[in-house]
Amino acid sequence: MMEFSYPSATAVAVLLDRATYSEAVIYKCFYWYGGDYQVTIEAETTRTRVQLTVPEGKPLPPSFPQALLSRIQNDLVDFKLRELVTQETQIVRELLVAKAFAHYDSEQPLRTELADPVGFHYSDGKQA
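Oh and the sequence shown: position 67 is 67 in UniProt numbering, straight run, nothing missing.
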């Protein structure tokens, strides 16, 4: 759940449900707004309040706040999806790392035949 409000003519406040968006998703998403806006993040009991304010002396961006709200919604979906993919692939990543650092004895002979998929050598040992 997401709610928007406008505390002033130069600010937008977003209320986000903490059950839907983790703290990591919120911080990763709104980090990218820091160059253009003053970002304030406050955790409440069941929601997180994020306020974006245009700094003093800086002109309002075109189509403020509608373009900003659309961008926020898209970015939240993006970072939420990244979090879900990270969670779903965690075991695979851990297995790959474990395999990469597993002990391998270089003295142990290979049990499979080496293939030449590019075709530089023939099976009789001659080069192409």
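For each residue, glycine too, the CB sits at the ideal point set by N, CA and C.
Practice problem: Taking L60 and F4 to be in contact with their CB atoms under 8 Å, please state how far apart those CB atoms are, rounded to whole angstroms. | Solution: Not really, about 16 Å apart at Cβ, beyond 8 Å.
**Study point:** Neighbour-count burial assignment, V92, 16 or more Cβ in a 10 Å radius
**Key:** Its Cβ having fewer than 16 others within 10 Å, V92 is exposed.
*Could you check which residue in A24, L52, D78 and D75 has the C-alpha nearest to that of F64?*
Looking at the Cα atoms, L52 is the closest of the given residues.
Fill in: DSSP-derived helix/strand/coil call for Y21
Of the three classes helix, strand and coil, the one that applies to Y21 here is coil, per DSSP.
Once the 5 residues before and after R71 are set aside, which same chain residues still bring their CB inside 8 Å of it? Nothing listed; no residue qualifies.
Check your understanding: Looking only at its own chain, which residues have a Cβ that is under 7 Å from the Cβ of I26, when we skip the five neighbours before and after it?
Key -> These residues qualify, in order along the chain: L16, I41, T48 and V50.
By DSSP, does E113 sit in helix, in strand, or in coil?
-> Note: E113 maps to coil in three-state DSSP.
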